[in-house]
Amino acid sequence: MSTTDNSEVSTTNDVELPERQQEKEQQLQVWREQQEKYAEQARQQGKAVYRTSGGETADWIAWQLFQETRYITESIYEENPGLANLGVYLPENIPVILPTVELQENNADQVVLWQ
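FYI, in UniProt numbering the residues of the sequence shown are 1 to 115.
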């Protein structure tokens with residue numbers, strides 16, 4: 001069995017890592033600027049816009065604002081193209097356009113104790 005000494009082999013990952021990080025930050029800045037424009041248009045149309053404080057998830061936003069995540073989380077992503085590309089935990093100061101949601105009371109799960 002032979003072994004290979006990799007101590008002299010340089011990888012391009014070491015060089016590209018800062019460049020990738022810088023590129024990622026630039027992409028985020030471009031997306032954020034575009035999202036700000038979309039958010040302003042949404043406000044003019046009467047839609048609500050939530051601004052992240054950092055570390056929130058789309059599920060958390062849905063639960064905090066609507067007390068429901070089913071279908072709402074998906075609607076948040078539909079209203080905000082590219083939001084999913086930011087990762088699970090959203091960065092700080094991101095405008096998130098909130099979907100128009102009509103919550104329906106579901107009486108099927110209620111139990112009538114007496115009539």
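Quick reminder that beta carbons are idealized off the backbone N, C-alpha and C, glycines included. Please read all numbers here as calculations on a predicted model, not as lab measurements.
How is residue i classed by DSSP in three states: helix, strand or coil?
{"i": "residue 155", "result": "A query on residue 155 cannot be resolved here, the shown segment of the chain reaching from 1 to 115 and no further."}
{"i": "Leu90", "result": "coil"}
{"i": "Glu102", "result": "coil"}
{"i": "Trp60", "result": "helix"}
{"i": "Ser10", "result": "The predicted model places Ser10 with a pLDDT of 48, which falls under 50 and marks its position as unreliable; any figure quoted below should be read in that light. If DSSP states are grouped into helix, strand and coil, Ser10 belongs with coil."}
{"i": "Asn85", "result": "helix"}
Name the two residues that bound the continuous beta strand (DSSP E) containing residue i.
{"i": "Tyr50", "result": "49-51"}
Looking at the secondary structure, which residues open and close the alpha helix (DSSP H) in which residue i lies?
{"i": "Tyr71", "result": "Taken as a continuous stretch (DSSP letters only), Tyr71 belongs to no alpha helix (DSSP H), as it is neither H nor E."}
Could you compute how far the alpha carbon of residue i sits from the alpha carbon of residue j?
{"i": "Lys24", "j": "Leu17", "result": "10 Å"}
{"i": "Ser10", "j": "Glu56", "result": "Because Ser10 sits at a pLDDT of 48, beneath the cut-off of 50, its placement in the model cannot be relied upon, and the point is left open."}
{"i": "Arg43", "j": "Arg20", "result": "34 Å"}
{"i": "Thr69", "j": "Gln34", "result": "26 Å"}
{"i": "Lys37", "j": "Asp59", "result": "24 Å"}
{"i": "Ala62", "j": "Tyr89", "result": "14 Å"}
{"i": "Glu78", "j": "Trp114", "result": "43 Å"}
{"i": "Gln22", "j": "Pro99", "result": "32 Å"}
{"i": "Gln45", "j": "Gln64", "result": "23 Å"}
Please go through the same chain and pick out, in chain order, the residues whose beta-carbon is closer than 7 Å to the beta-carbon of residue i, but skip the five residues on each side of it.
{"i": "Val101", "result": "Phe66, Ile72, Ser75"}
{"i": "Ile97", "result": "Tyr38, Ala39, Ala42, Lys47, Val49, Glu79, Asn80"}
{"i": "Ala84", "result": "Tyr77"}
Please work out which residues of its chain come closer than 6 Å, Cβ to Cβ, to residue i, disregarding the five sequence neighbours upstream and downstream, and give them in chain order.
{"i": "Gly82", "result": "Trp31"}
Between residue i and the rest of its own chain, which residues show a CB-CB distance below 8 Å, the 5 nearest in sequence each way excluded?
{"i": "Leu86", "result": "Leu28, Trp31, Ile94"}
*Would you call the segment 87-95 and the segment 47-65 in contact, with 3 or more CB pairs under 8 Å?*
yes
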